[in-house]
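Have a look at the structure below, then the notes.
Numbering (this note's numbering), first residue to last: 618 to 926.
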């Protein structure tokens, strides 16, 4: 009757819990349950010199000490090896339902912010677009009576934005979330960019992303966890030079607006054409000092964050 409230799209490709923590990866349900770093109550690390470091415990009430899980979250293996992760579980929901609504980015932004701020407590709110159209997906989990009532109230909320709510069957919902995951991962010859900013940035991001794609002669696809301000842009088609132009154009616009940018997947030869990490952040010196403290000999993922440090 318990489950780990984690649904990253990479799980179907064999992603491990330790790898997900090191990559700071998560899925749509992060809106309700938080990311993996929020679910970890204990972690065991092996440092470069063989030292075993532990923090937290095996039950929530015993959690104490330094939060090493948050330290290695997103470190990409550059600080230590993740040997053991103890996670918090949640009761498995009795049922789940997904509601879809066709909408553009501006309407989606208003509906997303309203649903996230409502008492409905959706598990996931995602917006997907390929440029020609957009679709909002809202997932509700819980007891059958709660889900039925919440779905009705969600339909009323969406109607306030002139959006028609369409409940999906179990098969339709499974297909929709599988397609959503494929849009986040991308294929080997595609460039996938993760941009983190404000939830209200969706409309501007969509404009910038499709403009960058058109200028480079590429197609673009967007998967947005808009309520969290996390947006994934996938470029496909064209040559590596086209991908480089689209990526740098979008990154420059995003950084100018105060967002952070991460290249999650890149087309072949892109490393030779662009600075993959981008401009050095103001936190680079702090990151370097943490690296020197935990791995002074540079054995763990050497060169992972070059040329930052």
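Cβ coordinates follow ideal geometry from the N, Cα and C atoms, glycine included.
No experiment lies behind these values; they were computed from the predicted model shown.
Between the alpha carbons of residue i and residue j, how many angstroms are there, rounded?
i	j	result
residue 795	residue 831	27 angstroms
residue 620	residue 706	5 angstroms
residue 839	residue 703	33 angstroms
residue 659	residue 673	4 angstroms
residue 870	residue 828	11 angstroms
residue 918	residue 819	34 angstroms
residue 631	residue 783	32 angstroms
residue 855	residue 797	23 angstroms
residue 717	residue 771	11 angstroms
residue 622	residue 636	16 angstroms
residue 595	residue 738	Past the edges of the chain, shown from 618 to 926, lies residue 595, and the structure says nothing about it.
residue 749	residue 851	15 angstroms
residue 758	residue 765	10 angstroms
residue 845	residue 910	32 angstroms
residue 859	residue 774	41 angstroms
residue 786	residue 649	22 angstroms
residue 731	residue 768	15 angstroms
residue 665	residue 687	18 angstroms
residue 633	residue 836	31 angstroms
residue 813	residue 825	14 angstroms
residue 727	residue 898	31 angstroms
residue 821	residue 669	46 angstroms
residue 908	residue 861	30 angstroms
residue 889	residue 875	26 angstroms
residue 906	residue 857	35 angstroms
residue 900	residue 872	15 angstroms
residue 805	residue 916	28 angstroms
residue 624	residue 776	29 angstroms
residue 721	residue 647	23 angstroms
residue 740	residue 801	18 angstroms
residue 779	residue 715	19 angstroms
residue 744	residue 755	9 angstroms
residue 683	residue 833	47 angstroms
Does residue i come out as helix, strand or coil in the three-state DSSP assignment?
i	result
residue 778	coil
residue 784	strand
residue 754	strand
residue 659	strand
residue 673	strand
residue 794	helix
residue 746	strand
residue 803	coil
residue 959	As displayed, the chain neither begins before 618 nor continues past 926, which places residue 959 out of reach and without an answer.
residue 635	helix
residue 876	coil
residue 619	strand
residue 741	strand
residue 558	Because the chain here runs from 618 to 926, residue 558 falls outside it and cannot be looked at.
residue 881	strand
residue 921	coil
Apart from the five residues just before and just after residue i, which ones in its own chain have a Cβ nearer than 8 angstroms to its Cβ?
i	result
residue 868	810, 878 and 895
Report back the beta-carbon spacing between residue i and residue j to the nearest angstrom; my notes put them in contact at under 8 angstroms.
i	j	result
residue 842	residue 626	Rounded, the Cβ-Cβ distance is 12 angstroms, inconsistent with contact.
residue 558	residue 691	Since the first and last residues shown for the chain are 618 and 926, residue 558 lies out of range.
residue 685	residue 912	Incorrect: roughly 14 angstroms between the Cβ atoms, too far for contact.
residue 638	residue 729	Not really, about 27 angstroms apart at Cβ, beyond 8 angstroms.
residue 693	residue 921	5 angstroms
Apart from the five residues on each side of it in sequence, which residues of its chain come closer than 7 angstroms, Cβ to Cβ, to residue i?
i	result
residue 709	618, 619 and 620
residue 807	851, 852, 853, 882 and 884
residue 865	891
Quick one: what's got a C-beta closer than 6 angstroms to residue i's C-beta in the same chain, skipping five residues either side?
i	result
residue 701	661
residue 723	820
residue 746	839
Does any heavy atom of the ligand ZN sit closer than 7 angstroms to the C-beta of residue i?
i	result
residue 773	In terms of ligand content, the structure shown is empty, and the ligand ZN therefore cannot be addressed.
From the beta carbon of residue i, is the nearest beta carbon of chain B less than 8 angstroms away?
i	result
residue 888	In the displayed structure, chain B is absent; only one protein chain is listed.
Query raised in the report: What runs of the alpha helix (DSSP H), each 4 residues or longer, lie entirely inside the region 814–865?
Result: Every alpha helix (DSSP H) stretch that sits fully inside the region 814–865 and reaches 4 residues is listed by chain position as 819–833.
Query raised in the report: Could you give the uninterrupted runs of the alpha helix (DSSP H) lying entirely in the region 677–726, keeping only those of 4 residues or more?
Result: Taking only runs of at least 4 residues, the alpha helix (DSSP H) segments lying wholly in the region 677–726 are 685–689.
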